[in-house]
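Asker:
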Amino acid sequence: MNKLACLFTVLFAAAVLIAGCVQQTSQPSASPSPTVSVAAATPSSTPSVTATPVPSVAAARFLKGVSLSPKSFQQADFTEFFQRAKEAGQVVMWAGDWNELAGEGAPKVVAELSSTYSYAPLVEAQFFTQSTGALLRPLDDATKENYLNSAVAFAGKYAPAYLAFGIEVNVLYEKSPADFDAFVSFFSEVYDAVKAVSPNTKVFTVFQLEKMKGLNGGLFGGVNNASAAEWQLLQRFPKSDLIVFTTYPDLIYKAPSEIPTDYYSEISSRVSKPVAFTEVGWHSAASPVGWESSEAEQAEFVTRFFELANGLDKELVVWSFVYDPATVEPFNSMGLRKSDGTPRPAWAAWVAG
Numbered sequence: 015m016n017k018l019a020c021l022f023t024v025l026f027a028a029a030v031l032i033a034g035c036v037q038q039t040s041q042p043s044a045s046p047s048p049t050v051s052v053a054a055a056t057p058s059s060t061p062s063v064t065a066t067p068v069p070s071v072a073a074a075r076f077l078k079g080v081s082l083s084p085k086s087f088q089q090a091d092f093t094e095f096f097q098r099a100k101e102a103g104q105v106v107m108w109a110g111d112w113n114e115l116a117g118e119g120a121p122k123v124v125a126e127l128s129s130t131y132s133y134a135p136l137v138e139a140q141f142f143t144q145s146t147g148a149l150l151r152p153l154d155d156a157t158k159e160n161y162l163n164s165a166v167a168f169a170g171k172y173a174p175a176y177l178a179f180g181i182e183v184n185v186l187y188e189k190s191p192a193d194f195d196a197f198v199s200f201f202s203e204v205y206d207a208v209k210a211v212s213p214n215t216k217v218f219t220v221f222q223l224e225k226m227k228g229l230n231g232g233l234f235g236g237v238n239n240a241s242a243a244e245w246q247l248l249q250r251f252p253k254s255d256l257i258v259f260t261t262y263p264d265l266i267y268k269a270p271s272e273i274p275t276d277y278y279s280e281i282s283s284r285v286s287k288p289v290a291f292t293e294v295g296w297h298s299a300a301s302p303v304g305w306e307s308s309e310a311e312q313a314e315f316v317t318r319f320f321e322l323a324n325g326l327d328k329e330l331v332v333w334s335f336v337y338d339p340a341t342v343e344p345f346n347s348m349g350l351r352k353s354d355g356t357p358r359p360a361w362a363a364w365v366a367g
C-alpha cells in the first residue's frame with residue numbers, strides 16, 4: 015500500500031550506497047556506509063540494452079514474484095534474498111520515487127542484477143505521496159520533462175520487462191482530482207515515449223483494489239460503500255498494457271474466510287486485458303487490536319487468494335515482502351519469512367500457489 019513505496023525509499027538508501035561502491039564513487043558523509051560491498055554480486059560488465067528474457071507466462075500460468083526486501087543490504091543477506099526470490103517466483107519488484115530512474119541506485123541495481131539472478135525486473139516509479147495525495151514535486155512542465163527523459167533513458171538502457179508509472183493512482187483521484195487528470199494525460203505521453211525505445215516493455219499504472227471497490231472501512235477508518243467504487247477510472251488509461259492492482263484485504267476483513275468469493279473474479283467483468291497484482295499482503299501478528307492475525311491465518315489467506323483469483327487472466331502476482339519490514343503495523347508482519355530466516359507457513363503456501 016502507501017507504506018510500501020515509502021519503505022522502499024528507506025531500504026534503497028542502502029542500495030544506493032551499494033551501487034556507489036560498485037561505481038567507486040564517494041558517499042555523502044551523513045549516510046552510513048555498508049560494512050561489506052556487494053560488488054561481487056553485481057555484474058562487472060556494462061549491462062546490455064537487450065531485455066532480460068521473461069519467463070513464459072503461458073508455461074507458468076502466471077508469473078510470481080516478490081518485492082526487493084532482504085533482511086539487510088549486507089552482502090550475505092543481499093545475495094540470500096535473490097536466492098529466496100528465485101524460489102518464490104520469477105519477478106523482483108522495486109517501487110519508489112520517479113527521480114530514482116535517473117540515478118545510479120535503486121532501479122539500476124534491480125535492472126542490472128536481473129541477468130545475474132535470472133528474474134524479470136519490475137520497476138514502479140511514483141510521483142506522489144499516497145497518504146496525503148501531495149505531489150513529490152509540482153507536475154509542471156519542467157518536472158514532466160525530467161520524468162519523461164528519465165523514463166525514456168531507463169527504458170532505452172535496460173529494456174525492463176515491466177515498467178509502471180504511478181502507484182495507487184486512484185488514491186490521487188480521491189485526494190487531488192486535478193493532479194490525477196494532469197497525470198492521465200502525461201501517462202499517455204510517457205507510454206508512447208517508452209514504447210518507442212523499448213517496445214517489448216509492458217507499461218502500466220497501478221490502482222488500489224480495495225479503494226477501487228469502494229471499501230474504505232476497516233483499518234482505512236472510513237465506510238465501505240459500493241456506490242463509491244472507482245472502476246470507471248480504468249477507462250482513463252486505455253494504453254496501459256496490463257490492469258494492475260495492489261491488494262491488502264486484511265485492512266478490510268478480519269479473516270480470510272470473510273473475503274467474498276467474487277472478490278477477485280469480479281475484476282474479469284471490468285477489464286479486457288491481463289491483470290496483475292504488484293502488491294499482495296496479509297499480516298501475521300496478533301495485532302492491531304481487533305484485527306489480530308496469526309501465521310496460520312496468513313498462510314490461509316495465501317491459499318485463499320490463489321483460489322479466488324484462479325479464474326482471472328493473470329500476468330503476474332507479487333507478494334509485498336519476503337522479510338518483515340521495519341514499518342508500521344500491520345505491514346510490519348507481512349513477510350513470508352521471519353527475520354531469523356525461518357519460513358512462515360505462508361512461504362510454502364506461496365511457493366505452491
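Everything in the sequence shown is counted per the numbering used here, starting at 15 for the first residue and increasing by one.
Even glycine gets a Cβ: it sits at the ideal position worked out from N, Cα and C.
1) List in chain order: all unbroken beta strand (DSSP E) runs of 3+ residues lying wholly within the region 65-153.
2) I believe Val-198 touches Gln-222 by the beta-carbon criterion, under 8 angstroms. Please report the beta-carbon distance rounded to the nearest angstrom.
3) Quick check: the region 196-215 against the region 168-176, are there 3 or more CB pairs under 8 angstroms?
4) Any idea if Ser-271 is buried or exposed, counting beta-carbon neighbours within 10 angstroms, 16 or more meaning buried?
5) Taking the beta carbon of Ala-148 as the centre, do at least 16 other beta carbons fall within 10 Å, making it buried, or is it exposed?
6) Tell me the DSSP secondary structure of Ala-340 in three-state form.
7) Return helix, strand or coil for Trp-305, following the three-state DSSP convention.
8) Under the DSSP definition of a beta bridge, which residues are partnered with Tyr-176?
9) Name the two residues that bound the continuous beta strand (DSSP E) containing Trp-333.
10) If I'm right that Ala-178 touches Phe-218 with Cβ under 8 angstroms, what's the distance once you round it to whole angstroms?
11) With DSSP as the reference, label Asn-160 as helix, strand or coil.
12) Kindly indicate which residue of Ala-134, Phe-345, Glu-188 and Gly-304 has the alpha-carbon position closest to the one of Lys-268.
13) Please go through the same chain and pick out, in chain order, the residues whose beta-carbon is closer than 7 angstroms to the beta-carbon of Ile-273, but skip the five residues on each side of it.
14) Taking buried to mean at least 16 other C-beta atoms within 10 Å of its own C-beta, is Pro-344 buried or exposed?
15) In three-state terms, what does DSSP make of Pro-57?
16) Hey, Lys-153 and Asp-193 are a contact pair by Cβ (cut 8 angstroms); roughly how many whole angstroms apart?
17) Could you give the first and the last residue of the continuous alpha helix (DSSP H) run that contains Glu-188?
18) Would Val-336 pass as a contact of Ser-83 if the rule is Cβ separation under 8 angstroms?
19) Are the beta-carbon atoms belonging to Ala-175 and Leu-115 less than 8 angstroms from one another?
20) Report the rounded CA-to-CA distance for Val-289 versus Ala-165, giving the unit in angstroms.
21) From Met-107, Phe-320, Gln-312 and Asn-113, pick the residue whose C-alpha is nearest to that of Thr-275; which is it?
Answerer: For this structure:
1) Unbroken beta strand (DSSP E) stretches of 3 residues or longer found wholly inside the region 65-153: 77-81, 105-111 and 134-140, given in chain order.
2) About 16 angstroms separates the two Cβ atoms, so there is no contact after all.
3) Touching, yes, given that three or more Cβ pairs across the two stretches are closer than 8 angstroms.
4) Answer is exposed; the Cβ neighbour count stays below 16.
5) Exposed, because fewer than 16 other Cβ atoms sit within 10 Å of the Cβ of Ala-148.
6) Coil.
7) If DSSP states are grouped into helix, strand and coil, Trp-305 belongs with coil.
8) Note: Tyr-176 is bridge-paired with Leu-136 and Lys-216 in the DSSP secondary-structure output.
9) 328-333 is the span of the beta strand (DSSP E), which, as asked, contains Trp-333.
10) Confirmed, Cβ separation roughly 5 angstroms.
11) Residue state for Asn-160 is assigned as helix, using DSSP reduced to three classes.
12) From the listed residues Ala-134, Phe-345, Glu-188 and Gly-304, the smallest Cα separation to Lys-268 is found for Gly-304.
13) Taken in chain order, the residues that qualify are Pro-263, Tyr-267, Arg-318 and Leu-322.
14) That one is buried.
15) Low local confidence applies: a pLDDT of 34 at Pro-57 is under 50, so the model's placement there is unreliable, with the coordinate-based value given in what follows. In this structure, Pro-57 counts as coil in the three-state DSSP scheme.
16) Sequence inspection shows Leu at residue 153; the Lys mentioned does not correspond to that position. That belief holds up - the Cβ atoms of Leu-153 and Asp-193 are roughly 6 angstroms apart, short of 8 angstroms.
17) Counting along the chain, the alpha helix (DSSP H) containing Glu-188 begins and ends at 183-189.
18) Yes, the pair counts as a contact, with Cβ atoms nearer than the cut-off.
19) Not closer than 8 angstroms, so no.
20) The alpha-carbon atoms of Val-289 and Ala-165 are separated by roughly 23 angstroms.
21) When Met-107, Phe-320, Gln-312 and Asn-113 are compared, the shortest CA-CA separation from Thr-275 is found for Phe-320.
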